[in-house]
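Scroll down for the structure; my scribbles are underneath it.
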Amino acid sequence: MQRHTPEPEVDTVWTTSPGPLPQGAATVVTSTFEELAPALPNDVADLRRKLIRWLSELPLDPASTHDITLATYEALANVAAHAYPDGHGWARLQATRVGDAITVTVTDTGCGIPATRPRSAALRTSGGRGLLLIDKVTDQSEIDTSEQGTRVSMTWRPAALRDAGAA
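In terms of full-length UniProt numbering, the sequence shown has 135 at position 135, counting the first letter as 1, and numbering is strictly consecutive.
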């Protein structure tokens, strides 16, 4: 499943000409991306590549693109590694740009994150740093988890998008 379409009721034209916009003209740009894939390492890596292609259509600086793809891949890798102990499940990747904000959401219907999960990285273990990294490179992140699954929502407000809207 893939959905990659602008919202029909929103102006999706970037304004790049100098000078003020006509009165009442909208500068909000909305674009969405959605993909569902098996929660397997190669499949979530493919989701990351598809997200990179979607991001390449936006006026983003390389650092913002890096942060978005890094945090998204961490969330997807967590789904592949932890959400489905029996090895069978799905990862959903959704990304939306509204104005100068990009929100990426990774969801699964797996076992959830245990309440006893420490929020600090253990020095002598592999793993355990993905959620900390997500917190570090996002402007805002939110994790909702239960025994019915997990939703990781991450938001960025790259300067390049704020500048593109003002151009």
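Quick reminder that beta carbons are idealized off the backbone N, C-alpha and C, glycines included. This one's a predicted model, so the numbers in the text were calculated from it and none came from an experiment.
Discussion item. Pro158 and Ile102 - do their beta-carbons sit closer together than 8 angstroms?
Written reply: Here residue 102 refers to the residue found at position 102 of the sequence shown. Here residue 158 refers to the residue found at position 158 of the sequence shown. Yes; because the gap between Cβ atoms is below 8 angstroms, this pair is in contact.
Practice prompt. With DSSP as the reference, please indicate the residues paired to residue 171 in a beta bridge.
Written response: Outside the displayed range of the chain (1 to 167) lies residue 171, so it cannot be described from this structure.
Item to complete: Measure how close the beta-carbons of Arg49 and Leu76 come, nearest whole angstrom, since I'm counting them as under 8 angstroms.
Response: Residue mapping note: residue 49 aligns to position 49 of the sequence shown, counting from 1. Residue mapping note: residue 76 aligns to position 76 of the sequence shown, counting from 1. Not quite, the Cβ-Cβ distance comes to about 11 angstroms (not below 8 angstroms), so this is no contact.
Discussion item. Can you tell me whether Ala91 is helix, strand or coil according to DSSP?
Written reply: Translated into the one-based positions of the sequence shown, residue 91 becomes position 91. Strand, per DSSP.
Worksheet item: Excluding sequence positions up to five away, which residues of its chain have a Cβ less than 8 angstroms from the Cβ of Ala44?
Response: Working through the sequence shown from its first residue, we reach residue 44 at position 44. Sequence inspection shows Val at residue 44; the Ala mentioned does not correspond to that position. Excluding sequence neighbours, Val44 sits near Ala37, Tyr73, Leu76, Ala77, Val79, Ala80, Ala91.
Worksheet item: Who does Asp144 pair with in a DSSP beta bridge?
Response: In the sequence shown, the residue the question calls residue 144 occupies position 144. According to DSSP, Asp144 bridges with Arg151.
Worksheet item: So what does Asp108 bridge to, in DSSP terms?
Response: If you number the sequence shown from 1, residue 108 lands on position 108. Answer by DSSP bridge pairing, in chain order: Thr150.
Worksheet item: For His88, which residues of its own chain have a beta-carbon under 7 angstroms away from its beta-carbon, when the five flanking residues on both sides are left out?
Response: By 1-based counting over the sequence shown, the position of residue 88 is 88. Answer for His88: no residue qualifies.
Discussion item. Tell me which residue opens and which closes the alpha helix (DSSP H) that Arg48 is part of.
Written reply: As a first step, residue 48 must be located in the sequence shown, where it is residue number 48. Unbroken alpha helix (DSSP H) run through Arg48: 41-56.
Worksheet item: Taking buried to mean at least 16 other C-beta atoms within 10 Å of its own C-beta, is Ala39 buried or exposed?
Response: Within the sequence shown, the letter at position 39 stands for residue 39. By the 10 Å Cβ count, Ala39 comes out buried.
Practice prompt. May I have the straight-line CA-CA distance separating Arg151 from Val106, to the nearest angstrom?
Written response: Within the sequence shown, the letter at position 151 stands for residue 151. Within the sequence shown, the letter at position 106 stands for residue 106. Between Arg151 and Val106, the C-alpha separation is close to 6 angstroms.
Worksheet entry | Expected contact under 8 angstroms - CB spacing of Ala83 and Asp108 to nearest Å | For the purposes of this step, residue 83 is identified with residue 83 of the sequence shown, where counting begins at 1. For the purposes of this step, residue 108 is identified with residue 108 of the sequence shown, where counting begins at 1. Indeed, because the Cβ distance is near 4 angstroms, the residues count as touching under 8 angstroms.
Worksheet item: Straight-line CA distance for Arg129 to Leu161?
Response: Mapped onto the sequence shown, residue 129 falls at position 129. Mapped onto the sequence shown, residue 161 falls at position 161. Each residue's Cα considered, the two are about 29 angstroms apart.
Item to complete: Identify whether Leu123 lies in helix, strand or coil by the three-state DSSP scheme.
Response: Residue mapping note: residue 123 aligns to position 123 of the sequence shown, counting from 1. Its pLDDT being 41, under 50, Leu123 is placed unreliably by the model, and the measurement read from it follows with that caveat. It is coil, neither helix nor strand.
Worksheet item: By Cβ distance, which residues of its chain are closer than 7 angstroms to Pro67, with the 5 residues on each side in sequence left out?
Response: On the sequence shown, residue 67 is found 67 positions in, with the first residue counted as 1. The amino acid at residue 67 is misidentified as Pro; the sequence shows Asp. Same-chain partners within the cutoff: Val137, Trp156.
Worksheet entry | Assigned secondary structure, Thr30 (DSSP; H/G/I helix, E/B strand, else coil) | Translated into the one-based positions of the sequence shown, residue 30 becomes position 30. Three-state DSSP puts Thr30 in a strand.
Worksheet item: What does a CB cutoff of less than 7 angstroms around Asp135 pick up in its chain, not counting 5 residues either side in sequence?
Response: For the purposes of this step, residue 135 is identified with residue 135 of the sequence shown, where counting begins at 1. For Asp135, where only same-chain residues beyond five positions count, the Cβ hits under 7 angstroms are Ser141.
Item to complete: Tell whether a beta-carbon distance below 8 angstroms holds between Ala71 and Met154.
Response: Working through the sequence shown from its first residue, we reach residue 71 at position 71. Working through the sequence shown from its first residue, we reach residue 154 at position 154. Yes.
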